[in-house]
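So in this note's numbering, the last spot in the sequence shown is 278, and the numbers never skip. Right, one structure below, let's go through it.
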Amino acid sequence: MPELPEVETVRRGIEAPLRQQQIINTIIRDSRLRWPVDDALPALAANARVIAVTRRAKYLLIETDKGRLMVHLGMSGRLYFVPAGTPAGVHDHIDWELSNGQALRYTDPRRFGSVHWLALNESGHALLDHLGPEPLSNDFDGELLYQRSRKRSSAVKTFIMDGRIVVGVGNIYANEALFRAGIHPKLAAGKVSRPRYQRLADEIKQVLSEAIAQGGTTLKDFLGGDGKPGYFKQELSVYGRGGLECLRCTAVLKEVRLGQRATVFCPNCQKR
Ligand SMILES: [Zn+2]
């Protein structure tokens, strides 16, 4: 599943080629995504000129002079460029044909992604309401985690993965950041001290920044249109390493389910 670093990598990859292009034609081959794609999209987006590509949580926002395209990649979605008119495969659901002869293609085998159009006078969208701050912004820090967690008995790992608290901390990154911060994933969120949340917030920023930096090296896979998902592999300390030795202390890493998500931690480095 594309996580925040992958989505950010896609954003960086498509922004420069899209900027100043006009959307000449929108071809919807299959509107049955997570939510049906609006039939009016081709008319709404016709001749729109792209100004910028931004991101909120895992939503890409293609900003134009006529409105905004809001794209979520779901479980298996991809956005990349092909020459306009390139024959479409069975999972190539939408093409936006551009003034430079290229097309931005949306491919999504599992169809859990979504595409919405936001008119210029719409400041936001229901899907974007109630989202917590961006993890790499200054709005997110240990103090926010500390304040929002008081009296909460849910596990700290579940707490930091809650998009209403902070967006974009997927399962892999939650596991890694907790390991680096030395915090047991099942510890009640309300029991974590302010200094430990400061450390945890720093580690969340660090692990996501490293993943984004890693993503830059694999950008071609995202945009090449070769049909491969191309999501990058970060060097991980705990995720996917249950039963193996801790890289820091050589204790055996434990793997448990927490909120139905694979949770790996070192019983020695993350005692509490
Ligand atoms: Zn250890």
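Where is the CB? At the ideal position from N, CA and C, for every residue including glycine.
- L206 sits in a helix when the DSSP states are folded into three classes.
- The alpha helix (DSSP H) runs lying completely inside the stretch 15 to 65 and spanning 4 residues or more are 47 to 51, given in chain order.
- For K260, the enclosing beta strand (DSSP E) stretches over residues K260 to L264.
- S243 is classed as buried because its beta carbon has at least 16 other beta carbons within 10 Å across all chains shown.
- DSSP places L150 within a helical segment (H, G or I) once states are collapsed to three.
- The continuous beta strand (DSSP E) containing E103 extends over residues D98 to L104.
- Cβ-Cβ distances below 8 Å link R186 to E209, Q212, V213 and S243 in the same chain, with the five nearest sequence neighbours on each side left out; the list follows chain order.
- If you compare the alpha carbons of L142, A217 and L50 with that of P11, the shortest gap goes to A217.
- Rounded to whole angstroms, the gap between the alpha carbons of C272 and M76 is 39 Å.
- With a cut-off of 7 Å, the C-beta of A187 is classified as distant from ligand 1, since no heavy atom of the ligand falls inside that distance.
- If the five residues before and after E261 are omitted, its C-beta is found closer than 8 Å to the C-beta atoms of G248, G249, A268, T269 and V270, all from its own chain and listed in chain order.
- Two segments are said to touch when three or more pairs of C-beta atoms, one from each, lie closer than 8 Å; by this definition the stretch 147 to 162 does not touch the stretch 114 to 126.
- DSSP places Y245 in the coil class of the three-state scheme, outside both helix and strand.
- In the three-state DSSP reduction, A125 falls in the strand class (E or B).
- A51 is not a Cβ neighbour of E21, given a cutoff of 8 Å.
- Taking C-beta atoms as the reference points, R62 and L137 count as a pair closer than 8 Å.
- When L85, V56 and M81 are compared, the shortest CA-CA separation from D71 is found for V56.
- The three-state secondary structure of E69, taken from DSSP, is strand.
- Any heavy atom of ligand 1 counts here; residues with a Cβ closer than 7 Å to one of them, in chain order, are C252, R254, C255, A257, C272, N274 and C275.
- The continuous alpha helix (DSSP H) containing R186 extends over residues N177 to A187.
- F87: member of the beta strand (DSSP E) spanning R84 to P89, first to last residue.
- In terms of Cβ geometry, L39 and R111 do not form a close pair [threshold 8 Å].
- In the DSSP assignment, the residues bridged to F271 are K260.
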